[in-house]
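Below: the structure, in structure tokens.
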DNA sequence: GATGAATGAGAGTTCATTCAT
DNA sequence: CATGAATGAACTCTCATTCAT
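Protein chains in written order, with my numbering: chain B, 1 to 234; chain X, 235 to 468; chain H, 469 to 702; chain P, 703 to 936.
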């Protein structure tokens, strides 16, 4: 046992090895600075084989993005508990999100940092995945408002803004958590579990949403318009 | 009289022209794809002059990042109203942030998209600036807790997490707003003012924070541990 | 029964299939641009088999050239009517030449365009075949001179020059005729028969040669030394 | 005195040096086998400079072809004696042609052997030049027919065929003469002067044409239809 | 101070060619 | 016999960077 040098491997397997190597290399160096030579070496094969199977650097990058994108979406979708209240759905989805990004930091880095900074073919792919997630969150917020017997209505545009903010917050936390971990190269640093991170997010988000759905609004003078009149004024 | 071709310009001015051109080019093309040729041409000078003043592509990029970084921090700092309650300080800071990023989209793109995706020398610079802002926000959250007579204490780690989430949310909104505007190529699209965007953020954030400081927590079963059942007093 | 996929074909046949494919591919793409992959695919076999039978790209090209060379020479030789006057022999040879090149345009293209433009190994092969034909033509011119009771002798060197000119003229006509045909993509263009083309050549050549053997020469002032009109009898 | 290493040369000069080197290399190796490295080295400069000035291998080849094409056409045009009889014009043009091709064998090789075998962009250029020359010859043949009080008319198509044959013959002679010379690497081999070669061509061509314009035709039985009835031989 | 001329180093890509099955 | 898997070597092209004027 132990892969001695693994020669003469079937194509499907080799392709995955190459994609694994590519994810790591793109994450570490960035798209432009990652050379096909380096990727091939990391995959343990020669450069021509990479081209034979994946055609070009662009195609390779696209394939990587698609694979990581689908894996992330699938992970989140699988994590969401169906048929429960909106907050529980969000919580379970967040747990899935943080767990997946923590387990695949390179993939997440490629999606979050590399793919978005490079021209149309790539950015679009990620944008679509993100849009999917934002749409899901938007739905949840709407559902939450319904469940809470929302007072005063949330404008569609405001909901979209909230969803974007929520997703951005989650992305920021995912990166923060990963970076903290990566830097502690000396092995086991206290890596907050996905559950903890998800809880932080829920605390950050849901309590506020609760108030909003009750009609509360923040204004320069403080919170106003609380359902019960008590809130106005500090 | 009348600057025919702007010759014999003092060094300080020339440098700024180069940096302006560099910001635009880096934002448009990305670090790797931006060639020194293109930057020099955009700046209206010859390439050797760029090297004479800015030494190398790396130095140029670093200088750009530092300049944009400092400009952003300065803009936020200048926007913060001193001596008022924490929420008002946060609000004014956010307004400053959104106003600056909207006014300098290229600079923001370089900081947010380019600098973070390229190796150590650059990412660190941005990370430090971000840390500065996160620290400021962390302080505000702490102050808010104090002001509210915080119940039960917020763990330092939790506060840091909240601050990161908040900053991430703001970044996400900044980009969302800018992109929405850029895409609406059909002329004047309703570009939400910095004030509106800041309000969205405050609604998203502050109401929740308020509950947190009152001891409320979200748990899988819903919100729990509210100070009193309905006693949202200060 | 019925060759479903033509398996288990004897080597000699397979080789011819490969050579056929190679001729077409080399003609279409040129030597350098023709890839072994393309040739193998066109032949309907796997690439290693091509190498097994034909050793290398150079060998393959050489073999192609030799085969086409010999086929052309054989066609011309077979066409020549033996035992008749020199002019009739030339005419029949030309008919054979034009008929063969028209029937095998790819082979002719490889010989005429590809083989001569690539280094020594190949050019020599074609040069030798051409020399064979030139020698035959030279002989015919000599014989014609004899038959006509040549006046004043034709220097050996001059005869060689005439032969080269004649062959070049024939080659030029062969290509002109083929190209004209290929371009007339709009269906049936009047493709001059080999007979017609050979007649054009004979008119071009023989009428002039007749005068030459009679002692006529062109000189800056016009034709001189004509047999009659100015008494150039022997 | 004596070009030591010729550094810092003005662009126009360097470009010509590069083109000179390219002509030699393309002629020696063929388009595909000639590497830009080799061309650059032959020109005494670095590869990037070649690209800076000439953009790409294709552009370089095109430029070479155009330059050599124009030089050849100009040489022939300059050589043609204006205002004299058709045969003298043809003779002087041929002298110019043979003199130029003998003086620039590499250029001629590129035009005659390389350019025609490579795709549309290049072949067209040469085809146009050749068409120009063929047209000129066609005109001369027509004029000659007129001058001679042509009997029986030459069909337009026949004239075109004759012109093509004539040009092909000239090309063949040009190459023959050059090759004979090149191979005698031991210095001064008896290189037939352009004048001699042109004379051979005129003898080959004109004497025969003379008969043609008088109504003579070659037919399987020999020359027929000579102006004077005497021609109908056995 | 400013620039046209020039290059070392390296990237993406392709291809003829060979094993091992 | 026949082929999928794999590669060494080379090629075109680009770019950051530096002299010499």
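Every residue gets a Cβ at the ideal spot worked out from N, C-alpha and C, and that includes glycine.
Quick caveat, the model's predicted, so the values are computed rather than measured.
- Counting other Cβ atoms within 10 Å of its Cβ, residue 303/X reaches 16 or more and is therefore classed as buried.
- For residue 454/X, the residues of chain B that pass the 7 Å Cβ criterion are 88 and 91, in the order they occur in the chain.
- At a cut-off of 8 Å, the C-beta of residue 55/B has no neighbouring C-beta in chain X.
- Chain X places a beta carbon closer than 8 Å to that of residue 204/B, counting this residue as a contact.
- Looking at the backbone, the Cα of residue 793/P and that of residue 710/P are separated by about 45 Å.
- In chain order, 581 make up the part of chain H whose C-beta sits under 8 Å from the C-beta of residue 818/P.
- Using beta-carbon distances, residue 802/P does not count as an interface residue toward chain H, since no partner is under 8 Å.
- In this chain, the alpha helix (DSSP H) harbouring residue 791/P covers 788-805.
- Considering only 454/X, 433/X, 305/X and 247/X, the residue with the shortest C-alpha distance to residue 364/X is 305/X.
- Contact of residue 742/P with chain H is not assigned, every C-beta pair being separated by 8 Å or more.
- According to the DSSP assignment, residue 844/P belongs to the alpha helix (DSSP H) that extends over 822-849.
- For residue 412/X, the CB contacts under 6 Å within the same chain, skipping 5 residues up- and downstream, are 339 in chain order.
- For the pair of segments examined, the segment 18-37 of chain B was found to touch the segment 94-113 of chain B: the number of CB pairs separated by less than 8 Å reaches three.
- Residue 710/P sits in coil when the DSSP states are folded into three classes, being neither helix nor strand.
- Within 10 angstroms of the beta-carbon of residue 269/X lie fewer than 16 other beta-carbons, which makes it exposed.
- Per DSSP, reduced to three states, the secondary structure at residue 499/H is coil, with no helix or strand assignment.
- Look at residue 297/X: its C-beta is not under 8 Å from any C-beta on chain B.
- For residue 868/P, the C-beta contacts it makes with chain H under 8 Å involve 637 and 672, in order along the chain.
- Counting C-beta pairs closer than 8 Å gives fewer than three between the segment 859-867 of chain P and the segment 757-770 of chain P, which falls short of the contact rule.
- Nearest CB-CB separation between residue 172/B and chain X: below the 8 Å threshold.
- Not one beta carbon of chain X lies nearer than 8 Å to the beta carbon of residue 24/B.
- With respect to chain P, the C-beta atom of residue 576/H has no partner C-beta closer than 8 Å.
- Rounded to the nearest angstrom, the gap between the Cα atoms of residue 723/P and residue 764/P is 14 Å.
- When 7 Å is used as the limit between beta carbons, residue 860/P is near these residues of chain H: 668, in chain order.
- Boundaries cannot be given for residue 81/B, as no alpha helix (DSSP H) includes it and DSSP labels it neither H nor E.
- Straight-line measurement puts the Cα of residue 824/P at about 38 Å from the Cα of residue 609/H.
- Taking a contact as a CB-CB distance under 8 Å, the pair residue 110/B and residue 137/B does not count as one, their CB atoms being some 22 Å apart.
- Looking only at 328/X, 318/X and 429/X, the smallest Cα-Cα distance to residue 378/X is reached by 318/X.
- Sequence-distant Cβ neighbours of residue 46/B in its own chain, meaning closer than 8 Å and more than five residues away, are 40.
- Nearest CB-CB separation between residue 864/P and chain H: below the 8 Å threshold.
- Rounded to the nearest whole angstrom, the CA to CA distance from residue 403/X to residue 323/X is 17 Å.
- Here the alpha carbons of residue 478/H and residue 486/H stand approximately 13 Å from one another.
- A residue is called buried when at least 16 other Cβ atoms come within 10 angstroms of its Cβ; residue 596/H does not meet this threshold and is exposed.
- Just measuring C-alpha positions, the residue of 484/H, 641/H and 674/H sitting nearest residue 569/H is 641/H.
- Closest by C-alpha distance to residue 353/X, out of 30/B, 220/B and 219/B, is 30/B.
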